[in-house]
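K.L.:
Can you keep this structure in mind? I'll have questions shortly.
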Amino acid sequence: MPDMSAAQRQIAYLWVPAFGPTVARRAQPRLDGRPLVLLDEHNRVLAADLLAAQAGIATGLPERQAVARCPEAIVVPAANFPLWEAQEAFLERIKGYTDRWQPNGLGGVYLDATGIGRPAKDMARNAGGEAGHALVGWCQAVAGAVRSLGWQPILGATGSKFGANVVGLTAWQNAALLLVPAAQRAFLAGQPVTTLPMDLDALTQLRHLGIRTLGQYARLPATGVLARFGPEGRTAQRWAQGLDDRPVVPPWEAPEVAARIEFDPPLADRERLSAALARQAEKLLAPLRERLQAASRVLLVVVRADGRTVTAGHTLPVPAAAAEPVRLALAAALDRVAWNGQSAAEITLTLAGITDAPGRQLALFDFTTGHRTRLAATLDRLAARFGPDSFRLATLTDPDNLLPERRFGLSRWR
Amino acid sequence: MSTHRQRKLETVVTRLQVQYGPQAIRKTVTPARWPPAPHISTTFAELDAALGIGGLPNGRISELVGPATSGKVTLAAKVLSAAHREPETLVAWLDLSRTCDPEYLYRCGLDLDRLLIVRPEDPAGALAITLHLVESNTLAALVFDGLADMAADLEAVLAGTLERLATSVTLTETAVLFLSEPHAQSRTLAHVAAVRLAIHRERWITRGPDVRGYEARVEILKHKLGQAGAAVPIRITFDGTVNGTGL
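For the record, the sequence lines run as chains L and B. Position one of the first sequence corresponds to residue 1 (this note's numbering), numbered consecutively onward. Position one of the second sequence corresponds to residue 415 (this note's numbering), numbered consecutively onward.
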């Protein structure tokens with residue numbers, strides 16, 4: 001693939017808000033009316049709707065923490081609903097518009113639009129407004145194809161994957177936002193630092209240091225960022241500077257990494273096998289974390305003591321590079337191996353479907369629906385406990401009255 | 415530092431790192447290379463300059479100590495009005511003593527549509543509400559007025575809440591201001607507060623028989639993010655609106 005500079009590339013990010021919960025509600029309308037959380041097979045949050053996300057529920061959270069953060073939420077297993085069928089149908093519609101597309105979690109997809117028309121001359125253009133531009137027309141067509149399935153997609157486009165992701169998430173109110181690649185850095189500078197897929201510790205450190213925006217993070221000295229946050233922090237800083245050169249990688253081209261472990265003598269003890277696999281997996285995961293990548297699938301090719309080769313695999317519900325989700329996936333794959341009473345002489349561990357690490361922290365610190373909506377949710381809970389009359393809004397009713405206490409009235413907060 | 419002393423220092427540092435690990439001692443990054451702490455202006459330019467960071471810090475607890483009519487309510491109200499300059503920001507006034515005057519707050523520059531007035535039934539409820547509101551991370555600033563009304567037997571509850579609040583607030587954007595009086599200060603609050611200001615009125619500004627305002631002095635008793643010790647005069651005038659200038 002030719003090396004495209006950021007100024008030449010055009011990448012679009014199309015996403016459907018609360019895709020998973022919407023599929024669930026279409027299947028079971030009784031789930032309406034309360035926050036909804038879908039769990040994966042390991043009882044961790046796979047997807048959450050708007051209300052649940054406002055309460056701080058993010059992908060990957062254990063079930064108990066999710067329930068503690070939002071006691072009124074309905075928590076159901078995702079396996080009860082045809083999520084993956086809906087995802088397949090969604091992606092099928094996209095495929096006709098570009099041969100380079102890359103899924104990003106449920107209801108999200110990157111599209112490589114490089115070469116479709118020229119970049120827009122203006123700073124930003126709403127695709128719902130002027131037509132007559134090839135890229136705008138293409139975005140409208142793609143969004144229209146997804147809309148025909150009954151979804152309301154939101155689309156953002158600019159010169160890099162990270163930029164397109166942020167633009168797409170910011171386009172919440174406008175349904176689409178297209179940005180000239182050259183204007184990407186200026187746009188990113190004002191965005192919150194929580195858009196970076198960094199872990200909670202790093203984001204908390206940034207908050208303590210007073211770093212709130214991507215612009216502030218981008219201006220930090222590179223050596224300092226590397227020393228404090230490691231190679232992944234430095235990668236994130238380059239993204240904040242608009243220097244994300246990751247290509248859009250279709251699923252059939254997703255790379256994989258592998259390692260082989262020999263057991264002499266052959267090993268049958270499950271605990272020791274799991275420990276050996278976990279150690280080897282960590283060696284493979286560390287470089288992925290530095291590049292802010294994650295694995296979607298684990299594959300085990302086991303050579304048994306009797307010479308037969310068996311394979312087993314497991315797909316992670318959400319791509320991950322953390323030790324714990326991969327350890328659980330390895331355990332699930334080991335359970336699927338047909339041992340037939342044999343030991344393992346050799347295991348080849350493959351982490352496949354290497355893709356971009358999903359961002360996890362948005363819902364925790366920031367959300368697009370506004371402080372007032374979130375405050376209302378908090379006040380609803382507090383009013384139930386302390387009484388609705390504890391929270392008031394003041395209105396000036398007679399500002400010229402001689403008595404100060406008659407100049408205003410108090411009503412319940414709305 | 416001379417080359418010889420520098421080399422001796424590096425030898426000592428290396429020996430410590432070998433003995434206790436590389437994390438035991440590290441070089442800090444020059445503070446001047448990091449951006450200033452997020453803050454809300456007090457609207458008094460001299461006071462903002464004396465505080466060093468441009469105002470009272472977000473994500474921290476501040477305490478304003480002063481007797482009645484010293485100007486601490488006005489100063490707190492002006493801080494909230496500065497927060498309201500940002501569109502869509504919300505602020506809260508926790509009115510434990512039931513003395514909040516929204517009309518006065520309006521004249522100080524607050525948008526009443528974005529001011530939540532909290533009137534809890536009891537002090538314990540007030541503390542719990544404060545904690546929940548701060549942890550919701552939906553407010554730009556919160557003023558807790560009525561600390562002096564806390565009974566002495568609630569000191570333990572206050573201490574526990576303040577310690578938890580001191581941790582929670584750092585994960586938010588909210589500036590928390592406690593208004594207290596000199597005779598009823600909390601030792602825990604003095605410990606957890608990042609900024610402590612003492613304010614007292616010095617003289618009234620009159621024109622003939624009319625009181626037009628007053629001059630007060632604000633002393634920085636404690637400042638974790640800057641320099642303490644400075645004392646700044648401020649001038650507050652009543653002119654239909656409540657205006658303030660640093661002198």
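Just so you know, even glycine gets a beta-carbon here, dropped at the ideal spot from N, CA and C.
Whole angstroms is fine: what's the gap from Asn165(L)'s alpha carbon to Ile11(L)'s?
P.N.:
To locate residue 165(L), count along the first sequence from 1; it is residue 165. To locate residue 11(L), count along the first sequence from 1; it is residue 11. Going by the C-alpha atoms only, they are around 9 Å apart.
K.L.:
Near Arg474(B), what residues of its chain come up, given a Cβ to Cβ distance below 6 Å and the 5 sequence neighbours on each side ignored?
P.N.:
Residue 474(B) sits at position 60 when you count from the first residue of the second sequence. Here the set comprises Ala608.
K.L.:
For my contact list, Val45(L) and Thr59(L) are in at a C-beta cut-off of 8 Å; report their separation, rounded to the angstrom.
P.N.:
Taking the first residue of the first sequence as 1, we reach residue 45(L) at position 45. Taking the first residue of the first sequence as 1, we reach residue 59(L) at position 59. Indeed they touch by this definition, with Cβ atoms about 6 Å apart.
K.L.:
When you compare the CB positions of Leu568(B) and Val532(B), do they come within less than 9 Å of one another, or not?
P.N.:
Counting from one through the second sequence, the residue named residue 568(B) turns up at place 154. Counting from one through the second sequence, the residue named residue 532(B) turns up at place 118. The answer is no: Cβ separation not under 9 Å.
K.L.:
Verify the CB distance criterion: does Leu299(L) have a CB-CB separation below 9 Å to chain B?
P.N.:
In the first sequence, residue 299(L) corresponds to position 299, counting from 1. Taking Cβ atoms only, chain B never reaches closer than 9 Å to Leu299(L), which makes this a no.
K.L.:
Can we say the stretch 91-100 of chain L touches the stretch 133-152 of chain L, given the rule of at least three CB pairs closer than 8 Å?
P.N.:
With a cut-off of 8 Å, the stretch 133-152 of chain L and the stretch 91-100 of chain L count as touching, because enough Cβ pairs lie within range.
K.L.:
Would you mind giving the Cβ-Cβ distance between Glu63(L) and Val76(L), rounded to the nearest angstrom? I have them listed as a contact below 8 Å.
P.N.:
For the purposes of this step, residue 63(L) is taken as residue 63 along the first sequence, with counting starting at 1. For the purposes of this step, residue 76(L) is taken as residue 76 along the first sequence, with counting starting at 1. 11 Å between Cβ atoms; not a contact.
K.L.:
Anyone know if the C-beta pair for Leu349(L) and Leu393(L) falls short of 9 Å?
P.N.:
Counted from its first residue, the first sequence places residue 349(L) at position 349. Counted from its first residue, the first sequence places residue 393(L) at position 393. No, the Cβ-Cβ distance between Leu349(L) and Leu393(L) is not below 9 Å.
K.L.:
Using the rule of at least 16 other Cβ atoms within 10 Å of the residue's Cβ for burial, across every protein chain shown, is Arg610(B) buried or exposed?
P.N.:
As a first step, residue 610(B) is located in the second sequence; it is residue number 196 there, counting from the start. Classification of Arg610(B): buried, given that the 10 Å Cβ count is 16 or more.
K.L.:
Can the beta-carbon of Gln641(B) be found closer than 9 Å to that of Gly466(B)?
P.N.:
Position 227 of the second sequence, counting from 1, holds the residue named residue 641(B). Position 52 of the second sequence, counting from 1, holds the residue named residue 466(B). Result yes, Cβ atoms of Gln641(B) and Gly466(B) sit closer than 9 Å.
K.L.:
Could you have a look at His418(B) and say whether DSSP puts it in helix, strand or coil?
P.N.:
As a first step, residue 418(B) must be located in the second sequence, where it is residue number 4. Note: His418(B) maps to helix in three-state DSSP.
K.L.:
With Asp356(L) and Gln293(L) assumed to form a contact (beta carbons below 8 Å), what rounded beta-carbon distance in angstroms separates them?
P.N.:
Translated into the one-based positions of the first sequence, residue 356(L) becomes position 356. Translated into the one-based positions of the first sequence, residue 293(L) becomes position 293. Between Gln293(L) and Asp356(L) the Cβ distance is about 6 Å, and since that is below 8 Å, they are a contact.
K.L.:
Restricting to runs no shorter than 4 residues, where is the alpha helix (DSSP H) found entirely within the stretch 559-607 of chain B?
P.N.:
Listed in chain order, they are 569-582 and 601-606.
K.L.:
Please work out which residues of its chain come closer than 7 Å, Cβ to Cβ, to Leu149(L), disregarding the five sequence neighbours upstream and downstream, and give them in chain order.
P.N.:
As a working mapping, residue 149(L) is identified with position 149 in the first sequence. Here the set comprises Ala89, Phe90 and Arg93.
K.L.:
Hey, Cys522(B) and Ala562(B): beta-carbon distance below 9 Å or not?
P.N.:
Along the second sequence, read from residue 1 onward, the residue named residue 522(B) stands at position 108. Along the second sequence, read from residue 1 onward, the residue named residue 562(B) stands at position 148. Not closer than 9 Å, so no.
K.L.:
Where do the N-terminal and C-terminal ends of the alpha helix (DSSP H) with Ser550(B) fall, by residue?
P.N.:
As a working note, residue 550(B) is residue 136 in the second sequence. Taken as a continuous stretch (DSSP letters only), the alpha helix (DSSP H) holding Ser550(B) covers Pro537 to Ser550.
K.L.:
Ignoring anything shorter than 4 residues or poking outside the stretch 236-299 of chain L, list the alpha helix (DSSP H) runs there in chain order.
P.N.:
Here the runs fully enclosed are 270-290.
K.L.:
Under the assumption that Phe652(B) contacts Gly622(B) (Cβ atoms under 8 Å), give the Cβ distance between them as a whole number of angstroms.
P.N.:
Taking the second sequence and counting its residues from 1, the one referred to as residue 652(B) is at position 238. Taking the second sequence and counting its residues from 1, the one referred to as residue 622(B) is at position 208. Contact flag wrong, Cβ pair sits at about 15 Å.
K.L.:
Residues in the same chain with beta-carbon distance under 7 Å from Arg34(L), minus the five sequence neighbours each way, listed in chain order, please.
P.N.:
Looking up residue 34(L) in the first sequence gives position 34. Excluding sequence neighbours, Arg34(L) sits near Glu72, Ala73 and Ile74.
K.L.:
Hey, is Asp462(B)'s beta-carbon within less than 9 Å of any beta-carbon in chain L?
P.N.:
Reading the second sequence from its first residue, position 48 is the one you call residue 462(B). Not closer than 9 Å to any Cβ of chain L, the Cβ of Asp462(B) fails to qualify, so no.
K.L.:
Looking at chain B, is there any beta carbon in it that lies within less than 9 Å of the beta carbon of Arg407(L)?
P.N.:
In the first sequence, the residue the question calls residue 407(L) occupies position 407. Yes, because at least one Cβ of chain B sits closer than 9 Å to the Cβ of Arg407(L).
K.L.:
Classify Ile439(B) as buried or exposed, calling it buried when 16 or more other Cβ atoms lie within 10 Å of its own Cβ.
P.N.:
The residue labelled residue 439(B) in the question sits at position 25 within the second sequence. Exposed is the call here.
K.L.:
Kindly give me the distance between the Cβ atoms of Val318(L) and Gly105(L), rounded to whole angstroms, as I take these residues to be in contact under 8 Å.
P.N.:
Stepping through the first sequence from its first residue, residue 318(L) is reached at position 318. Stepping through the first sequence from its first residue, residue 105(L) is reached at position 105. Their Cβ separation, rounded to whole angstroms, is 7 Å, which keeps Val318(L) and Gly105(L) in contact under 8 Å.
K.L.:
So Ala394(L) contacts chain B; which residues on that side make the cut at Cβ distance below 7 Å?
P.N.:
Along the first sequence, read from residue 1 onward, the residue named residue 394(L) stands at position 394. Those within 7 Å of Ala394(L) in chain B are Pro516, Leu526, Leu529 and Ile531.
K.L.:
Taking buried to mean at least 16 other C-beta atoms within 10 Å of its own C-beta, is Leu402(L) buried or exposed?
P.N.:
By one-based count along the first sequence, residue 402(L) stands at place 402. Exposed, because fewer than 16 other Cβ atoms sit within 10 Å of the Cβ of Leu402(L).
K.L.:
DSSP has Asp527(B) in a bridge; who is on the other side?
P.N.:
Position 113 of the second sequence, counting from 1, holds the residue named residue 527(B). DSSP lists no partner for Asp527(B).
K.L.:
Could you tell me which residues DSSP pairs with Val302(L) in its beta bridges?
P.N.:
Within the first sequence, residue 302(L) is the residue found at index 302, counting from 1. DSSP output for Val302(L) lists Val310(L) and Ile347(L) as bridge partner(s).
K.L.:
Give me the DSSP bridge partner(s) of Lys636(B).
P.N.:
Taking the second sequence and counting its residues from 1, one reaches residue 636(B) at position 222. According to DSSP, which records beta bridges pairwise, Lys636(B) is partnered with Arg610(B).
K.L.:
Are the CB atoms of Pro250(L) and Trp101(L) within a distance shorter than 9 Å?
P.N.:
Translated into the one-based positions of the first sequence, residue 101(L) becomes position 101. Translated into the one-based positions of the first sequence, residue 250(L) becomes position 250. Yes.
K.L.:
On the criterion of 16 or more Cβ atoms from any shown chain inside 10 Å, does Asn340(L) qualify as buried, or is it exposed?
P.N.:
Here residue 340(L) refers to the residue found at position 340 of the first sequence. When all chains shown are included, Asn340(L) counts as exposed.
K.L.:
Give me the chain B residues within the contact set of Ser390(L), using Cβ-Cβ distance strictly less than 8 Å, ordered along the chain.
P.N.:
Here residue 390(L) is taken as the residue at index 390 of the first sequence, counted from 1. Simply Val532, Arg533, Pro534, Glu535, Gly539 and Ile543.
K.L.:
With 9 Å as the threshold, decide whether the Cβ of Ser511(B) is near any Cβ in chain L.
P.N.:
Against the second sequence, residue 511(B) aligns to sequence position 97. Chain L, which has no Cβ nearer than 9 Å to the Cβ of Ser511(B), makes this no.
K.L.:
Checking the sheet assignment: what are the DSSP bridge partners for Val76(L)?
P.N.:
In the first sequence, the residue the question calls residue 76(L) occupies position 76. Answer by DSSP bridge pairing, in chain order: Leu38(L).
K.L.:
With Pro21(L) as the anchor, note down where its beta strand (DSSP E) starts and where it stops.
P.N.:
By 1-based counting over the first sequence, the position of residue 21(L) is 21. Not the beta strand (DSSP E): Pro21(L) falls in the alpha helix (DSSP H), residues Phe19 to Ala27.
K.L.:
Indicate whether at least one CB of chain L lies closer than 9 Å to the CB of Ser550(B).
P.N.:
Within the second sequence, numbered from 1, the residue matching residue 550(B) stands at position 136. By this cut-off, Ser550(B) is an interface position.
K.L.:
Quick check on Ala630(B): does DSSP put it in helix, strand or coil?
P.N.:
In the second sequence, residue 630(B) corresponds to position 216, counting from 1. Ala630(B): strand per DSSP, three-state reduction.
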